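Contents: one structure, followed by commentary.
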């Protein structure tokens, strides 16, 4: 490749500069403010310790449980997918939850399963079994985060497994007299976990910094720190701005700690597996193994969950006058679609086009980044990739406003840093295992570098490329803050309308937009699903 | 023809981490083979990669490369008229044997109608009795077949220099020798200069008419 | 309301009318002509489908009547528009008009980001009712930087069957509320301050606990904290009886309304005097509810429209604002089959205007800060 640095400059300009834009204000804050004084004010703010613990505990709990569940179900995920005759539809069905916007998921599942929800009206029980699963309970935030992040991890797990010769490992293990599940745990899991490090960091950071879901599902007296920071940011007195700033920095530090936790649990599991190699299982451990069979049913469970949530949303859209404890609404109203369709479809198309533009740009940048890494034979620190997820979005976007215009192009640009990070997440691990000599080989036949790339690397890395594209699209579709702030209302999307509606009390309308968003994301995932033909061949073993 | 110099270099200095290797000027005539012998990990492959135009950035190589008198060390890989066959052959797994070979046809051929191109490839395949595998994906070939297709793919591009990086090491000895001799013969016929790297001396004991010079890889300094 | 405030209002209203009368009508025609073909971006909360629908209708009308394209920028919190305005550099703003009040207005006015002298610019401003205290927005003097669009009156929506044994005259005193909560523990709550419904709930209680509403129209002094003591004492009694024993509070009025609909609570709060009938028609709230005022009267304020100073289209924004204050638009807004928000101008058939609730005046803004910080210190651990 010629001029790798020149190409990298493109990436730096498009993604790096916007992120660097926060540096002056951070520096200004750190040097000019009486830092210790602000920190004291932050610590003295009513309910600060609870806020902090809400956030930290949510992140730790989500991360730990999601890791455990992903590991116990990883194996069944793959076999179900590899053998389509054994329920191939089930194998992909849980992607339904992956494609569901977070907030839509929360709205649907709480409407269904909260103590006064539809489920408990249908099921003949004396009182709901889960009185703690309701809005503004910490446990419900945990559950929603876990249920929403697990499919994302499965998605990344599938990608990681495709790059491991684990079937041969299992064979070797069996030939040496180990049971398959033992080999799985002792050999495959450590390797898998290593490959999931970055996605797990993403899950941890997301759980820590999530605002919309936390506003919806977490307690508010006090709210988790990220919610409070977002609220301070929208109060404009200097005091609140300082608190917002200090809170953001604190979240950043916590995020670093959470990534440390990811490495810690990885090492813990690794050592545990190593020790198990040379001794037999203790009773607790064999009990654990037996329990881990639940992993077998999890993907299936999520398929049913997706179906049930779909029905729930559909019912919610069309139910008019539906109050506890009625089983069915006073009347079914099919006119809502008719009335709103024009506006919904308008926003949906715009979301789609923006997402396609954003994903295309992100993917190109992603490829450039990867090829630069190859040319320089050095890796860009992974923590940098997490940066767009770490800095509170509203903070970044407010800094961008003076530099941007309210045109579509700028909105697309404002989405790119976030989509790019996710695209890299999906693409880099596979790319790094690619046999780059294929490219040299092609070039010896007289092709230029990029011709050779297009003819060989692109088809061989089709699966990770499409995965990255799809993820980038989903991330773009979900953007609210950059779309509203940078677009200045010139580019209303499905998401901006949905989030605005979510702040009100018209649940049917919210459900209508949620459902459309979900369908849009599902269509993206289905259309961009790699065909089975070439999948996994190009990723080198 | 067999006397003309195809590949020549100035003295070469290869340095990486705490190793340094100094090589004399190399010269390979048309149809001749330069064998490079040395233990694994001593930097032999680096020499090939440098000739090809792709040196890892932790390695510094000083020297000049000429192909048929023309200086090429500033040219991109695509312009150097060099072909390479790696130990693991690296056929493109997503392309059939036919497509692999079509892919490698010289640039001027690619403008021809597809039928002409296919005809050309098929005639080459006929010579090695592999026509019936044209539509097959490389994964379905045996090791020997794969090696032959790999060689064919490098040769069909009509390079002036062929670089062989421990070729066919995965094959058993008699097969390896047969394929090597076949390759050397083709290079002889077409006046291609060959540089072959190996850690086994046997690899250079060919029965073909090529002039084979074997260079012992020097010890690393520092 | 005390007589002095009324006099102040009247004086201001008269002054407004006099100043606007001086504006020649042909200058307005020039504005209308200049506005043709422009696009106006009106930033407004997009959480209510009734408001959204109403603005769609307005957009059609101004398109037909003035050839102006009106775009409703739906935001989840109007603070987002304020943040955008304050972050922009010099030059035209992306925000042309805003629907706002209270703290957000205060910030923009202080930052000098709003177009002033609206009463003399907007012809229909002359028609604004003189019987509503719109010259002060949450205690901040309006001074011509915004014009009222509608009226908010804070009240509770309660299940009638349960309410009857506590009150029948449409008013609930703090003691009656306490008794209600004692009888139906876990069924009452209010949005968490500093959410403005929550803060207003506290204000209503404060008004009721002191019979001296004069006190709160003045800026609080050093000793004012003492005036809040009865409120804290009352809340200490009330909170253990609330939803989740007062350990947590609903994140907003919309959520609390959903809890009322779901049967989780018996009380919701609202600022729109017609909210109950509108919500019932829309199928958002069940039958068997009634509205009731907390304390001696409903804390009454207005919600406003303002024009950004740096708007690209000052003419078109004024024309849109004028239209929003027209009889036609206000009549439609008042219509209970739509939004149902009370009109701010005197309308010919005022007999159909649902009567406003008995009102108390807004507090000085200084009290809000005291209330909110005091509440957080006590009840957010």
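Protein chains in written order, with the working numbering: chain A, 1 to 541; chain B, 1001 to 1222; chain C, 2001 to 2381. Don't be surprised by glycine CBs; every beta carbon is placed ideally from N, CA and C. Predicted model only: the values in this text are computed from it and were never measured.
Residue i (DSSP reduced to helix, strand or coil)
i: residue 328(A); result: coil
i: residue 87(A); result: In this prediction, residue 87(A) scores a pLDDT of 39, lower than 50, which makes its location untrustworthy; the coordinate-derived value is nonetheless stated afterwards. Reduced to three states, the DSSP call for residue 87(A) is coil.
i: residue 2300(C); result: strand
i: residue 1065(B); result: strand
i: residue 529(A); result: coil
i: residue 2306(C); result: strand
i: residue 1055(B); result: coil
i: residue 2149(C); result: strand
i: residue 341(A); result: helix
i: residue 1211(B); result: coil
i: residue 443(A); result: helix
i: residue 2(A); result: coil
i: residue 2044(C); result: strand
i: residue 1029(B); result: strand
i: residue 2183(C); result: helix
i: residue 92(A); result: helix
i: residue 457(A); result: helix
i: residue 2091(C); result: coil
i: residue 2137(C); result: strand
Residue i, buried or exposed, once every other Cβ within 10 Å from all chains shown has been counted against 16
i: residue 83(A); result: Confidence at residue 83(A) is low in this model, with a pLDDT of 46, below 50, so its placement is unreliable and the value that follows should be read with caution. Classification of residue 83(A): exposed, given that the 10 Å Cβ count is below 16.
i: residue 89(A); result: Bear in mind that the predicted position of residue 89(A) carries a pLDDT of just 42, short of 50, making it unreliable; the figure below should be weighed with that in mind. By the 10 Å Cβ count, residue 89(A) comes out exposed.
i: residue 1197(B); result: buried
i: residue 129(A); result: exposed
i: residue 1201(B); result: exposed
i: residue 43(A); result: exposed
i: residue 366(A); result: buried
i: residue 307(A); result: exposed
i: residue 2074(C); result: buried
C-beta atoms of residue i and residue j nearer than 9 angstroms
i: residue 1156(B); j: residue 1098(B); result: no
i: residue 2268(C); j: residue 2282(C); result: no
i: residue 496(A); j: residue 483(A); result: yes
i: residue 2162(C); j: residue 2266(C); result: yes
i: residue 2320(C); j: residue 2062(C); result: yes
i: residue 1139(B); j: residue 1177(B); result: no
i: residue 1059(B); j: residue 1066(B); result: no
i: residue 1186(B); j: residue 1082(B); result: no
i: residue 2105(C); j: residue 2077(C); result: no
i: residue 2048(C); j: residue 505(A); result: yes
i: residue 2149(C); j: residue 2344(C); result: yes
Rounded Cβ spacing between residue i and residue j (contact assumed at less than 8 angstroms)
i: residue 55(A); j: residue 208(A); result: 6 angstroms
i: residue 144(A); j: residue 109(A); result: 7 angstroms
i: residue 67(A); j: residue 146(A); result: In fact, because the Cβ distance is near 10 angstroms, the residues do not count as touching under 8 angstroms.
i: residue 460(A); j: residue 434(A); result: 7 angstroms
i: residue 492(A); j: residue 347(A); result: 6 angstroms
i: residue 1191(B); j: residue 1030(B); result: 4 angstroms
Residue i: contacting residues in chain F (beta-carbon distance under 8 angstroms)
i: residue 435(A); result: No chain F appears in the structure shown, which is made up of the protein chains A, B and C.
Which residues, in chain order, does the segment 1175-1199 of chain B contribute to contact with chain A at a C-beta distance below 8 angstroms? none
According to a CB-to-CB cut-off of less than 9 angstroms, which residues of the segment 496-508 of chain A neighbour chain C? 496, 497, 499, 500, 501, 502, 503, 504, 505, 506, 507, 508
Compile a chain-ordered list of the residues in the segment 384-413 of chain A whose CB is closer than 8 angstroms to at least one CB of chain C. 394, 398, 399, 401, 402, 406
Residues in the segment 446-458 of chain A having any Cβ partner in chain B nearer than 9 angstroms: 446, 447, 448, 449, 451, 452, 455, 456
Give me the subset of the segment 35-63 of chain A whose CB atoms are less than 7 angstroms from a CB atom of chain C, sorted by chain position. 46, 47, 50
Under 7 angstroms, CB to CB, which of the residues in the segment 1087-1107 of chain B have a partner in chain A? For the segment 1087-1107 of chain B, residues whose beta-carbon sits nearer than 7 angstroms to a beta-carbon of chain A comprise 1090, 1092, 1093, 1094, 1103, 1104, 1106, 1107.
Contacting positions in the segment 167-178 of chain A - beta carbon closer than 7 angstroms to chain C: none
Give, in chain order, every residue of the segment 355-380 of chain A whose Cβ lies closer than 9 angstroms to some Cβ of chain C. none
Which residues, in order along the segment 2047-2073 of chain C, keep a beta-carbon less than 7 angstroms from a beta-carbon of chain A? 2047, 2048, 2049, 2071, 2073
Taking only beta carbons into account, state which residues of the segment 132-143 of chain A come closer than 9 angstroms to chain C, listed in chain order. Those residues of the segment 132-143 of chain A placed with their C-beta closer than 9 angstroms to a C-beta in chain C are 134, 135, 136, 137, ordered along the chain.
Could you name the residues of the segment 2164-2196 of chain C whose beta carbon sits closer than 7 angstroms to any beta carbon of chain A, in the order they occur along the chain? 2192
Going along the segment 145-170 of chain A in order, which residues come within less than 8 angstroms of chain B, judged by CB to CB distance? none
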